[in-house]
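Undergrad: First, the structure itself, so that you have it in front of you.
2 protein chains.
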Amino acid sequence: MEQAKPATSMRSLERALDVLEVLDAGHHALRLSEIARRAGLPVATTQRILGVLEARGRVERDANGYRPGVGLIFGAHAYLTSSPLVGAARPVLQDLAGATGLTASLFKRLGWSRVVLARVAGDAPLRYELPIGERLPLHLGAGKALAAHMEPAELEEFLAQLGDHTLANGTTVDRDDFVAELRSIRERGYSQARGEREPGMASVAAPVLDAEGAATAAVQVTGALADIPAERVPELGLELQRAALAISRRAY
Amino acid sequence: MEQAKPATSMRSLERALDVLEVLDAGHHALRLSEIARRAGLPVATTQRILGVLEARGRVERDANGYRPGVGLIFGAHAYLTSSPLVGAARPVLQDLAGATGLTASLFKRLGWSRVVLARVAGDAPLRYELPIGERLPLHLGAGKALAAHMEPAELEEFLAQLGDHTLANGTTVDRDDFVAELRSIRERGYSQARGEREPGMASVAAPVLDAEGAATAAVQVTGALADIPAERVPELGLELQRAALAISRRAY
DNA sequence: GTCATCCTTCCACACAGTGGTGAGGCCTCC
DNA sequence: GGAGGCCTCACCACTGTGTGGAAGGATGAC
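Taken in sequence, the protein lines are chains A and B.
In case it helps, the working numbering puts the first sequence at residues 30 to 281.
In case it helps, the working numbering puts the second sequence at residues 30 to 281.
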């Protein structure tokens, strides 16, 4: 979580963002001293920053400490309504969910993870809502569609920090397995996953290319294993590639 | 949008927040000079701030100018998952939607407006998706349940800046009408609205009291006028008051 | 009672943030 | 093709803002 000096003008702003990130990460109220420790800042400084943020509604406070504030909602709302990517995806996701009966989602890549940006539930009984903003790994499920289209140098770095990993269904995947799978995803044009992240769930995904041709986002459909039998996958893959292309066309 | 000096330590942070607010407000990409103008800042300063925000993912840029960035999503996600209010409300909203067949929502008051924090769709065909983060007025629909419980001094200020207003159904409401309605809402314990904000829609709402007894949030059910006939309102009102109490208990 | 934490306030210094200015790029209009 | 806007960015000397150590209180554990 802590890094060295990024060498920038605007130290105070930079530090305020550090504080915000600490709050975004902790899933419950944090005490002042705890925040200061995690952000690597003097307590007094941290307090001053939190004071301003609180006055502006980006932070809330109670007896247990500081928590993210309502003010943060507006930023996300503004992003979701002004982003051409999300705007372009919404109708496409609706169509996908309607045509397949599965839940359709849009992800955007961010560093070594991906974020849920939009989701339309299929007709399967959906449980809870809006995991929007949830951060998921890049090496499981739809993440693979994104990883498969990295630049060689970037991929190398990604693999290095990843190492071997184990899927939710018990399989262990080493570097060679993973590289092979990424290649086949690139050739086929879509990725699939069966019980990788969540047991009992399956998904198919395709990358959305941006104006420069980089895979910065992905579309996905998810459902129970039974809803996505193996023989249905090629057809879904094709449909997802079409969807991805449609989004890319509209957004850029 | 522009105010005078709030006289605070941390000018740069304060200004950065001003810039963010400008971006949150504009619904499309803004040019540097436009942002500077709206925030009341020198161009050079604005650019420095935007540079930092962009590097940190809170702002994105393309040929048309600056837009809110993906980074803003995390803050909102963190707020929604860590807020006791939202956590407490979720199951209650589910129950409400299930029991009434209407769409149930949670609002929080913020200044002279309210924000949608959570929503569970009823079985009526819901149209669009997650208006979470949307900002709505305090003098229409569920907003009245909040306005009705303001402190006298605050209410006075609110009425002053409001003046007369016209509803979506054509009715004009002057100060006396409005004050009378607020009183009756306070006595009854819930508010109702028919075609006030959106023609053809009706709603019933009750305030959620926080630890200090102030009405900082509200629960609401909405539906088409036909789904909420007048004779059903008292029953719904009671149900909403129960829901509001349940949320209040759990959250504080 | 004592001791340990944690939060808050204060203040003098130093350096981070400021913003006027000018170069360079990319338009559009003539 | 050239002139005139408008936008973005780099530069730099000045100064007022942000800094953080230290001291004062409040709270809780034992």
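All C-beta atoms, glycine included, are put in the ideal place defined by N, C-alpha and C.
(1) Using a beta-carbon distance cut-off of less than 8 Å, what residues from the region 56-78 of chain A approach chain B?
(2) Taking Cβ-Cβ distances shorter than 7 Å, what residues in chain B pair up with residue 97 of chain A?
(3) By DSSP, does residue 167 of chain A sit in helix, in strand, or in coil?
(4) Where residue 214 of chain A and residue 238 of chain B are concerned, what is the direct C-alpha to C-alpha distance, given to the nearest angstrom?
(5) According to DSSP, what are the bridge partners of residue 194 of chain B?
(6) Any idea if residue 5 of chain A is buried or exposed, counting beta-carbon neighbours within 10 angstroms, 16 or more meaning buried?
(7) Under 7 Å between C-beta atoms, does residue 24 of chain B make it to chain A?
(8) Can you tell me which of the three DSSP states residue 156 of chain A falls into?
(9) Of the residues that make up the region 37-51 of chain B, which ones have a beta carbon closer than 7 Å to any beta carbon in chain A?
(10) Let me confirm a value: residue 203 of chain B is counted as buried when at least 16 other C-beta atoms fall within 10 Å, else exposed. Which label applies?
(11) Under 7 Å between beta-carbons, which chain B residues line up against residue 186 of chain A? List them in chain order, please.
(12) State the DSSP-derived secondary structure class of residue 50 of chain A, mapped to helix, strand or coil.
(13) Just to confirm, are residue 235 of chain B and residue 248 of chain B a CB contact at a threshold of 7 Å?
(14) Would residue 225 of chain A pass as a contact of residue 167 of chain A if the rule is Cβ separation under 7 Å?
(15) Could you have a look at residue 180 of chain B and say whether DSSP puts it in helix, strand or coil?
(16) Which chain B residues sit within Cβ distance under 8 Å of residue 101 of chain A?
(17) Alpha carbons only, please: which of B:205, B:102 and B:233 is nearest the one belonging to residue 175 of chain B?
(18) Tell me whether residue 236 of chain B sits in a helix, a strand or coil according to DSSP, three-state version.
(19) List the residues of chain A that residue 278 of chain B touches, going by C-beta distances under 7 Å, in chain order.
(20) Since residue 254 of chain B and residue 229 of chain B are thought to touch, with beta carbons under 8 Å apart, how far apart are those beta carbons, to the nearest angstrom?
(21) From residue 75 of chain A to residue 142 of chain B, what distance separates their C-alpha atoms?
(22) Where residue 144 of chain B and residue 65 of chain A are concerned, what is the direct C-alpha to C-alpha distance, given to the nearest angstrom?
(23) Assuming contact is defined by CB atoms lying nearer than 7 Å, are residue 86 of chain B and residue 100 of chain B in contact in what I supplied?
(24) Would the region 117-126 of chain A and the region 270-279 of chain A be scored as touching if the rule is three or more Cβ pairs under 8 Å?
(25) Residues of the region 111-144 of chain A in Cβ contact with chain B at a cutoff of 8 Å, in chain order, please.
(26) Cβ closer than 9 Å: which chain B residues qualify as neighbours of residue 81 of chain A?
(27) Give the secondary structure of residue 95 of chain A by DSSP, where H, G and I count as helix, E and B as strand, and everything else as coil.
(28) Could you list the residues in the region 162-189 of chain B with a C-beta less than 9 Å from some C-beta on chain A, going in chain order?
(29) Between which residues of its own chain and residue 71 of chain A is the CB-CB distance below 8 Å, once the five residues before and five after are set aside?
(30) With a threshold of 7 Å between beta-carbons, can residue 204 of chain A be considered close to chain B, or not?
(31) Where are the beta strand (DSSP E) runs, 3 residues long or more, that stay fully inside the region 208-236 of chain A, in chain order?
(32) Taking the alpha-carbon positions, what's the residue 84 of chain A to residue 38 of chain B distance?
(33) Quick check on residue 252 of chain B: does DSSP put it in helix, strand or coil?
(34) So the alpha helix (DSSP H) residue 107 of chain B belongs to, where does it begin and stop?
(35) So which of A:67, A:46 and A:45 has the shortest CA-CA distance to residue 55 of chain A?
TA: In short:
(1) 56, 57, 58, 77 and 78
(2) 104, 107, 108 and 111
(3) coil
(4) 53 Å
(5) B:202
(6) Not covered by the structure: residue 5 of chain A. The range shown for chain A is 30 to 281.
(7) Residue 24 of chain B is absent from the structure shown; chain B starts at 30 and stops at 281.
(8) In this predicted model, residue 156 of chain A has a pLDDT of only 45, less than 50, meaning its place in the structure is not dependable; the value taken from the coordinates is given anyway. Coil, per DSSP.
(9) 37, 38, 39, 41, 42, 43, 45, 46 and 49
(10) exposed
(11) Those do not exist, as residue 186 of chain A stays about 19 Å from chain B at its closest Cβ, beyond 7 Å.
(12) helix
(13) yes
(14) no
(15) coil
(16) 101, 104, 105, 107 and 108
(17) B:233
(18) strand
(19) Under the 7 Å cutoff, chain A gives no residues; its nearest Cβ is about 16 Å from residue 278 of chain B.
(20) 6 Å
(21) 30 Å
(22) 30 Å
(23) yes
(24) yes
(25) 111, 112, 119, 137, 139 and 144
(26) 37, 38, 39, 42, 43 and 46
(27) strand
(28) 162, 163 and 164
(29) 65
(30) no
(31) 220-223
(32) 12 Å
(33) strand
(34) 100-111
(35) A:67
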